[in-house]
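J.: This is the structure I want to talk about, given as structure tokens.
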Amino acid sequence: MTAIEFETHAPITQFEVRQNCLWIGSRRITEWVTEAGATPVYVYDRKCIRDRIDKIHRALPKIDLHYAVKANPMPALVEFTGQLVEGLDVASAGELEMVLRTGFDPERISFAGPGKRDDELEAALKAGIIVNIESERELRVLAALGQNHNLKPRVAVRVNPPFQLRASGMRMSGGSQQFGVDSERVPALLADMKNLDVEFIGFHIFAGSQNLNADAICEAQRLTCQLAIDLSAHAPAPVQLLNIGGGLGVPYFPGDQPVALAPIAENLNTLLPAVRKVMPEARVALELGRYLVAEAGVYICRVIDRKVSRGKVFLVTDGGLHHNLAASGNFGQVIRKNFPVVVANRIGAAQKEYATVVGPLCTPLDLLADNMQLAVAQPGDLIAIFQSGAYGCSASPLGFLSHPPPLELLV
Ligand SMILES: Cc1ncc(COP(=O)(O)O)c(C=O)c1O
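Heads up: the sequence shown begins at 1230 in the working numbering, then just goes up one per residue.
Structural data, given as structure tokens:
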């Protein structure tokens, strides 16, 4: 398969190009657009997701994989991915309801996230899923609900560790956090649990997200395993599940390179025997969202207008930040950078230019590619934004300006 090369981005290797057109799965992108019936459309490729999961299984020692549904909650994609992983992690009662509808085994669903409402805790209790407790209140409420309903809550403790995942796109641990229970308070929480009618399942330690630095991931995993070993001494029952988080990122921006799995495998090979010695009954899980699905997704929009303003070329499309906030640079980027973008029906065309791809919204923030080298495009051409399979559709302000929502296809 020939890679799609860029001036400054890492090549895209997961899709094919034939006769200058992007192919996804067995069809050219123009056919998928015809099948969808309109643009903009997100196209997610099952094969990419399966290949990614196979790659992890081949590279890493035996470990469970959990998919964090928040990365892409499209029901068909969740149902497909659910068949390939050992667990699904939800972040709300809404996600839980959707996952239960896919028929996924509730015993293998866990629920993390701060501020779980009482009705969400009740839904989790009734479904029989694992609740990753993020505060003393959650434990108290869940235990009381359990008594009322005569059901035994299944609880794990989400720990806010004293360390961070260095060089992360998003820091979610260390210092003061809304996530989890500070590690120094966990022994007291575990002691309280002994007096409550709850089933202790284990620990969830999630240190960060979007990390391309294998050394930083290894360091966090080492500290995570040590912390879990220390805390397990206080556990009211044997640890059944140790979720060591994830954090593996994908290359979005110029200069980004895929995260190297070999050092992570080597590191886990060193760490896991010690974990298994202290927690022989524990399944150890990695919790991944974007690493499983981001590269499988492409956002396709159509050029509506081509404008030249004082020498600068603008391709105005029917897509924009209301559908793909992350690609516009407004979902957590400090300095805006381009995602990998191509004119999908003219890849490799000889005639190239620097163009700026924008959407139809009334804000200069509605920018999909800023001054990027692209094939010369005209109205009707298709723009493809790669690495869009995670935090795309569901993480965008779909109602802004009342344009139609994007379509989604799992192919
Ligand atoms: C608890 C938890 N799990 C999983 C994830 C998924 O992270 P990513 O999609 O970067 O793998 C997040 C991200 O915010 C999270 O907070």
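We put the CB at the ideal spot given by N, CA and C, even for glycine.
Among residues of its own chain, excluding the 5 on either side of MET1303, which ones have a beta-carbon nearer than 6 angstroms to its beta-carbon?
T.: So the qualifying residues of the chain are GLU1637.
J.: Could you tell me if the beta carbon of SER1625 falls within a distance shorter than 7 angstroms of some heavy atom in ligand 1?
T.: Not under cutoff, so the answer is no.
J.: Helix, strand or coil for ALA1523 per DSSP?
T.: In this structure, ALA1523 counts as helix in the three-state DSSP scheme.
J.: Can we count ARG1519 as close to ligand 1, meaning its CB is less than 7 angstroms from some heavy atom?
T.: Yes, Cβ of ARG1519 sits closer than 7 angstroms to a heavy atom of ligand 1.
J.: Quick one: is the Cβ of ALA1449 within less than 7 angstroms of any heavy atom of ligand 3?
T.: As far as ligands go, the structure on display features ligand 1 and does not contain ligand 3.
J.: Can you tell me whether ASP1178 is buried or exposed, with buried defined as 16 or more other CB within 10 angstroms of its CB?
T.: The question about residue 1178 has no answer here: the residues shown for the chain are numbered 1230 through 1640.
J.: What does the alpha-carbon distance come out to for the pair PRO1593 and THR1585?
T.: So the alpha carbons of these two residues sit roughly 11 angstroms apart.
J.: Assuming ALA1514 and ASP1293 are in contact, meaning their beta carbons sit under 8 angstroms apart, how far apart are those beta carbons, in whole angstroms?
T.: With a Cβ gap of about 4 angstroms, ALA1514 and ASP1293 count as contacting.
J.: Are ALA1457 and GLN1393 touching if we call contact CB-CB under 8 angstroms?
T.: It is not a contact, given that the beta carbons lie outside the stated cut-off.
J.: For ligand 1, any of its heavy atoms closer than 7 angstroms to the Cβ of MET1303?
T.: MET1303 Cβ: outside cutoff for every heavy atom of ligand 1.
J.: Kindly examine ligand 1 and report whether one of its heavy atoms sits closer than 7 angstroms to the Cβ of MET1401.
T.: MET1401 Cβ: within cutoff of ligand 1.
J.: Do you know how far the Cα of GLY1558 is from the Cα of LYS1566?
T.: Each residue's alpha carbon lies about 7 angstroms from the other.
J.: Do the region 1603-1620 and the region 1299-1313 touch if we need at least three Cβ pairs shorter than 8 angstroms?
T.: Enough Cβ pairs lie closer than 8 angstroms, so yes.
J.: Pull the bridge partners of TRP1252 from the DSSP assignment, please.
T.: TRP1252 pairs with GLU1245, ARG1257.
J.: If you draw a straight line from the C-alpha of ASN1553 to the C-alpha of GLY1431, how long is it?
T.: Cα to Cα, ASN1553 sits roughly 36 angstroms from GLY1431.
J.: Can at least three beta-carbon pairs, one atom from the region 1339-1346 and one from the region 1357-1377, be found at a separation below 8 angstroms?
T.: Yes, since at least three Cβ pairs between the region 1339-1346 and the region 1357-1377 fall closer than 8 angstroms, the two stretches touch.
J.: What are the boundary residues of the alpha helix (DSSP H) that ARG1330 is part of?
T.: Looking at the DSSP string, the run of the alpha helix (DSSP H) that includes ARG1330 is 1322-1330.
J.: Please report the residue range of the alpha helix (DSSP H) in which HIS1286 lies.
T.: Its alpha helix (DSSP H) spans residues 1275-1288.
J.: Buried or exposed: ASN1389, going by 16 or more other Cβ atoms within 10 Å of its Cβ?
T.: Flag for ASN1389 reads buried.
J.: So, under 8 angstroms CB-CB, ALA1356 and LEU1329 are touching, yes? Tell me the CB distance rounded to an integer number of Å.
T.: About 6 angstroms separates the two Cβ atoms, so the contact holds.
J.: Please list the terminal residues of the continuous beta strand (DSSP E) segment that includes ARG1512.
T.: Its beta strand (DSSP E) spans residues 1512-1517.
J.: Which residue marks the beginning of the alpha helix (DSSP H) containing HIS1378, and which one marks its end?
T.: Per DSSP, HIS1378 belongs to the alpha helix (DSSP H) from 1365-1378.
J.: In its own chain, which residues sit with a C-beta less than 8 angstroms from the C-beta of LEU1497, not counting the 5 before and 5 after it?
T.: LEU1289, PRO1290, ILE1292, GLN1450, listed in sequence order.
J.: Just to confirm before moving on: does the CB-CB distance between ALA1239 and ASP1485 stay below 8 angstroms?
T.: Contact flag set, yes.
J.: Please state the DSSP three-state secondary structure of GLN1602.
T.: Correct three-state label for GLN1602: strand.
J.: I'd like to check one pair, GLY1254 with LYS1276: are the Cβ atoms closer than 8 angstroms?
T.: Taking 8 angstroms as the Cβ cut-off, LYS1276 and GLY1254 qualify as a contacting pair.
J.: Tell me whether ASN1472 is buried or exposed, calling it buried when 16 or more other Cβ atoms sit within 10 Å of its Cβ.
T.: By the neighbour-count rule (16 or more Cβ atoms within 10 Å), ASN1472 is buried.
J.: Where does SER1405 fall in DSSP's three states?
T.: Note: SER1405 maps to coil in three-state DSSP.
J.: Who are the near neighbours of LEU1590 in its chain, counting only those whose CB is closer than 7 angstroms to its CB and skipping five residues on each side?
T.: Taken in chain order, the residues that qualify are GLY1549, LEU1550, HIS1551, PHE1629, LEU1630.
J.: Using CA atoms only, rank isn't needed, just tell me which of PRO1492, VAL1522, HIS1433, VAL1570 is closest to CYS1530.
T.: Checked all of PRO1492, VAL1522, HIS1433, VAL1570; the closest Cα to CYS1530 is VAL1570.
J.: Between the beta-carbon of LEU1380 and the beta-carbon of LEU1350, is there less than 8 angstroms?
T.: Result no, Cβ atoms of LEU1380 and LEU1350 do not sit closer than 8 angstroms.
J.: Give a single yes or no on whether ASP1318 has its beta carbon closer than 7 angstroms to a heavy atom of ligand 1.
T.: For ligand 1, at least one heavy atom lies less than 7 angstroms from the Cβ of ASP1318.
J.: Among CYS1447, LEU1470, GLY1518, PRO1634, whose alpha-carbon lies nearest the alpha-carbon of THR1499?
T.: Among CYS1447, LEU1470, GLY1518, PRO1634, the Cα nearest to that of THR1499 is on CYS1447.
J.: If you follow the alpha helix (DSSP H) that GLY1311 is part of, which residue opens it and which one closes it?
T.: Per DSSP, GLY1311 belongs to the alpha helix (DSSP H) from 1304-1311.
J.: Give every residue of the same chain whose Cβ lies closer than 8 angstroms to the Cβ of VAL1246, excluding the five residues on either side of it in the sequence, and list them in chain order.
T.: Closer than 8 angstroms at Cβ, skipping near neighbours: THR1231, ILE1233, TRP1252, ILE1576, GLY1577.
J.: Nearest-angstrom Cα distance between SER1402 and ARG1395?
T.: Computed Cα separation, rounded: 10 angstroms.
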